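Comments concern the structure below.
2 protein chains.
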Amino acid sequence: MVSIKDVADQAQVAVGTVSNVLNNPDRVAEKTRERVLAVISELGFVRNDAARQLRAGLSRTIGLIVLDVSNPFFSALARAAEDRAAESDSTVLLGDSAHDVGREGRYLDVFEQQRVKGVLISPVGNIDSRLEQLSAHGVPVVLVDRVDPQGRVSSVSVDDVAGGYMAVQHMLSRGRRRIAFVGASTDILQVADRLKGAQQAVAEVPDAQLEVVEATAMTVLAGRASGELLAERGRDGLPDGIFCANDLLAIGVMQAVLLIRGLRIPEDLALIGYDDIDFAQSTVVPLSTVRRPTELMGRTAVELLLEAIEGLSPESRQVIFQPELVSRGSTL
Amino acid sequence: MVSIKDVADQAQVAVGTVSNVLNNPDRVAEKTRERVLAVISELGFVRNDAARQLRAGLSRTIGLIVLDVSNPFFSALARAAEDRAAESDSTVLLGDSAHDVGREGRYLDVFEQQRVKGVLISPVGNIDSRLEQLSAHGVPVVLVDRVDPQGRVSSVSVDDVAGGYMAVQHMLSRGRRRIAFVGASTDILQVADRLKGAQQAVAEVPDAQLEVVEATAMTVLAGRASGELLAERGRDGLPDGIFCANDLLAIGVMQAVLLIRGLRIPEDLALIGYDDIDFAQSTVVPLSTVRRPTELMGRTAVELLLEAIEGLSPESRQVIFQPELVSRGSTL
DNA sequence: ACGTACCAATGAATCGATTCAATTTATGGT
DNA sequence: ACCATAAATTGAATCGATTCATTGGTACGT
Chain A
2 MVSIKDVADQ
12 AQVAVGTVSN
22 VLNNPDRVAE
32 KTRERVLAVI
42 SELGFVRNDA
52 ARQLRAGLSR
62 TIGLIVLDVS
72 NPFFSALARA
82 AEDRAAESDS
92 TVLLGDSAHD
102 VGREGRYLDV
112 FEQQRVKGVL
122 ISPVGNIDSR
132 LEQLSAHGVP
142 VVLVDRVDPQ
152 GRVSSVSVDD
162 VAGGYMAVQH
172 MLSRGRRRIA
182 FVGASTDILQ
192 VADRLKGAQQ
202 AVAEVPDAQL
212 EVVEATAMTV
222 LAGRASGELL
232 AERGRDGLPD
242 GIFCANDLLA
252 IGVMQAVLLI
262 RGLRIPEDLA
272 LIGYDDIDFA
282 QSTVVPLSTV
292 RRPTELMGRT
302 AVELLLEAIE
312 GLSPESRQVI
322 FQPELVSRGS
332 TL
Chain B
2 MVSIKDVADQ
12 AQVAVGTVSN
22 VLNNPDRVAE
32 KTRERVLAVI
42 SELGFVRNDA
52 ARQLRAGLSR
62 TIGLIVLDVS
72 NPFFSALARA
82 AEDRAAESDS
92 TVLLGDSAHD
102 VGREGRYLDV
112 FEQQRVKGVL
122 ISPVGNIDSR
132 LEQLSAHGVP
142 VVLVDRVDPQ
152 GRVSSVSVDD
162 VAGGYMAVQH
172 MLSRGRRRIA
182 FVGASTDILQ
192 VADRLKGAQQ
202 AVAEVPDAQL
212 EVVEATAMTV
222 LAGRASGELL
232 AERGRDGLPD
242 GIFCANDLLA
252 IGVMQAVLLI
262 RGLRIPEDLA
272 LIGYDDIDFA
282 QSTVVPLSTV
292 RRPTELMGRT
302 AVELLLEAIE
312 GLSPESRQVI
322 FQPELVSRGS
332 TL
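These protein sequence lines map, in sequence, to chains A and B. Using the numbering used here, the first residue of the first sequence is number 2, and each one after it goes up by one. Using the numbering used here, the first residue of the second sequence is number 2, and each one after it goes up by one.
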């Protein structure tokens, strides 16, 4: 394996000079620099990161742990984070906890051993003890899609109450009045917030009413079941607008309403989802939905982390983004 | 920052002993070991990976670069690879090239600098020059979902010809005879292979015929367009079985056929896709499809890499997996 | 010709864990 | 009690890049 020493010998300079060619090129005379660079590519020298960061005490790496890489929200966020990190000459190590506490823990261990500069994490469950440990070791943390109730660390998240509000307000503005909310258990914070927003919107319009339909899960199949349940009532008992807590549910509802009951969307029924997954624009009737500013969140998360690393702002910051309404055929 | 030296001082032993507690616990007397472990947790000592691997010359890390983390095929593969690597006390660094040569290159650079043990890669384009460089530096490589035509490195991939064959053979065995293949340009190797398999299956049945419909892309919308084109012909010109080169296309075809033309699946038309994406089982009529053994591929890729690292088998191995038919409602 | 800056280049010390030859301590047999 | 042997412990050397005080050169002004 080629080391800086080999390069130095071959180029007839001291190791310090080679190091300067790499890190402070302007301190080295042009002739020398060229000679060294020539030797570097001739020998195929590649910097040993371990030695660098042993000396430096810190790596140029940021750890990112997401709940599910295959979730488009997280993969897009990860990409944005990587791009932003690259701009600051850092690399992102991506870990997929797959909603598993054990995997999350293993990644945190690895990250600590690697002496990452900081950690971005969308935590599985309660990470209080982990937060303690990381901060005890001086590793900055930024929460993603979650706020720290105690405000110890910075976070980026989305205002789901506003998202729920804008979804329902959109249907109300289109003249719909009998609104149904379809979502899984409100134990899930995000679902509860979206419902809260929906309630606020309905409260502002005198003759509007909101009905809550609890689905068994946040899946297409659960949505289909809820859709059938609603459609069975016949024309009169039917709501004229349905807000689903995510796009998968909405797709299920659409399948039930359209195919199994032969109703028309949006004529008989307006429908809106949440998340703007890829599929939303490919449904039979393109699905209106609420989109989170994924890329901005990824970039901002990295920026908050860099701030924390550089100790610029000692106090933590909770950045909350506003979601965006995407209006498509299902609410025309 | 707590180092092994601090632990040694506090526990009144030599640094070598602390190291042995961590790496060769049975060489240390029980009493000493306990004392050292107590100090370790008391001081919150965390091994410095940089120092370890500087000394060792090699990390305990494997680099994995996939084309798209949000693709369920790759995310499942990545998870399996991580699990397998963990069993061998290694960690996987996951990089998402997002089909971008620049990103791929950046990851390879980082991996080289980090002195990863080896690299698993699903390459974006031609990586001949990269392969040269990596092998020149002695970094073992295993290709994923791609074979090296020159057989220099090991690989894991899927027999797409067999997959195409079993999809069409399945429909033939159900009595279908007028088969259509819907796929994007056969420039894509995978599409070409699946078509080849379809042709083989049809060739084995005297009165069966195969028609090729070229879609503009491998998406739901492109599938819908192709489906409408086919359905426009009316009953007589219609095939009685459609094989789509992936599930997205099949979902599009299903939308067109079912909703826009009011045909029945599978009565009027059998339909089968490829990939077994999550959505396949949630379509209105559950979609039959062909599944690749994703987890096995991930595990095997790691195993081939470990073999190459340990230099057990100097010659490369091309492992080709057989896909599996998943029969659902759309081909009953 | 001499002194003062300034620019380039040098190379020893450093980071922290591991390794291994050397040394100390413990154990058992007679 | 003594020696042989095994077990436990020690600590200096090592990995490779960076840093920085120091040295060697060059240019310029007087």
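The C-beta atom is built at its ideal place from N, Cα and C for all residues, glycine as well. The model shown is predicted, which means the values in this text are computed figures rather than measured ones.
- Chain-ordered, the chain A residues with CB closer than 9 Å to the CB of Asp-97 of chain B read Val-70, Ser-76, Ala-79, Arg-80, Glu-83 and Leu-95.
- Residues Ser-158 and Asp-160 of the same chain have their beta carbon placed closer than 6 Å to that of Ile-321 of chain B, with the five preceding and five following residues left out of the count.
- For the region 132-155 of chain A, residues whose beta-carbon sits nearer than 9 Å to a beta-carbon of chain B comprise Gln-134, Ala-137, His-138 and Gly-139.
- Excluding residues up to 5 positions away in sequence, nothing lies with its Cβ nearer than 8 Å to the Cβ of Leu-55 of chain A in the same chain.
- Between the C-alpha atoms of Leu-144 of chain A and Glu-311 of chain A there is a straight-line separation of about 17 Å.
- A straight line joining the alpha-carbon of Gln-115 of chain A with that of Ile-63 of chain B spans about 14 Å.
- Secondary structure note for Gly-198 of chain B: its alpha helix (DSSP H) is the uninterrupted segment 190-204.
- By the beta-carbon neighbour count (other beta carbons within 10 angstroms, threshold 16), Asp-208 of chain B is exposed.
- A Cβ-Cβ contact shorter than 8 Å links Asp-97 of chain A with Val-70 of chain A.
- About 17 Å separates the beta carbon of Leu-305 of chain B from that of Arg-293 of chain B, a gap too long to meet the 8 Å contact definition.
- With a threshold of 8 Å between beta carbons, Thr-92 of chain A makes contact with chain B.
- Straight-line spacing of the CA atoms in Ala-309 of chain A and Leu-65 of chain A works out to 15 Å.
- Using beta-carbon distances, Glu-113 of chain B counts as an interface residue toward chain A, with a partner under 8 Å.
- If you compare the alpha carbons of B:Ala-302, B:Ser-136, B:Val-169 and B:Thr-332 with that of Asp-84 of chain B, the shortest gap goes to B:Ala-302.
- In terms of beta-carbon proximity, Asp-129 of chain B stays away from the interface with chain A, with every pair separated by 8 Å or more.
- In this structure, the straight-line span from the alpha carbon of Arg-104 of chain A to that of Val-22 of chain B is close to 25 Å.
- Apart from sequence neighbours up to five positions away, the residues of its chain that approach Ala-202 of chain A with a beta-carbon distance below 7 Å are Tyr-166, Val-169, Gln-170 and Leu-173, ordered along the chain.
- For Leu-288 of chain A, not one C-beta of chain B is nearer than 8 Å to its own C-beta.
- Secondary structure of Phe-112 of chain B (DSSP, three-state): helix.
- Chain A has a Cβ within less than 8 Å of the Cβ of Leu-55 of chain B.
- A check of alpha carbon separations from Leu-272 of chain B across B:Ser-283, B:Val-258 and B:Gln-13 identifies B:Val-258 as the nearest.
- With a threshold of 8 Å between beta carbons, Val-47 of chain A makes contact with chain B.
- In summary, Ser-283 of chain A is buried, with 16 or more beta-carbon neighbours lying within 10 Å of its beta-carbon over all protein chains present.
- The closest CA to that of Thr-92 of chain B, considering only A:Thr-92, A:Phe-112, A:Ala-79 and A:Gln-134, is found on A:Phe-112.
- By the C-beta criterion, the region 209-228 of chain A is judged not to be in contact with the region 241-260 of chain B, since fewer than 3 inter-stretch pairs fall below 8 Å.
- Contact of Leu-259 of chain A with chain B is assigned, a C-beta pair being separated by under 8 Å.
- Apart from sequence neighbours up to five positions away, the residues of its chain that approach Pro-324 of chain B with a beta-carbon distance below 8 Å are Val-159, Asp-160, Asp-161, Ala-163, Gly-164, Met-167, Val-291, Arg-292, Arg-293 and Pro-294, ordered along the chain.
- In this structure, Val-8 of chain A and Val-37 of chain A form a Cβ contact; the two beta carbons are roughly 7 Å apart against a cut-off of 8 Å.
- Counting along the chain, Glu-215 of chain B sits inside the beta strand (DSSP E) bounded by residues 210-215.
- At a C-beta separation below 9 Å, Leu-222 of chain B has these neighbours in chain A: Gln-282 and Ser-283.
- The beta carbon of Leu-270 of chain B sits closer than 8 Å to the beta carbons of Leu-239, Pro-240, Asp-241, Gly-242, Ile-243, Val-258 and Leu-264 from its chain, once the five residues preceding and following it are set aside; these are given in chain order.
- DSSP places Ala-223 of chain A outside any beta strand (DSSP E); the residue lies instead in the alpha helix (DSSP H), whose first and last residues are 221-232.
- Our two residues, Met-2 of chain A and Ala-185 of chain A, have alpha carbons roughly 57 Å apart in a direct line.
- Using a Cβ-Cβ cut-off of 8 Å, Gly-58 of chain A counts as an interface residue toward chain B, since at least one Cβ of chain B sits closer than that to its own.
- At a cut-off of 8 Å between beta-carbon atoms, Pro-73 of chain B makes contact with chain A.
- Between Met-167 of chain B and chain A, the shortest Cβ-Cβ separation is not below 8 Å.
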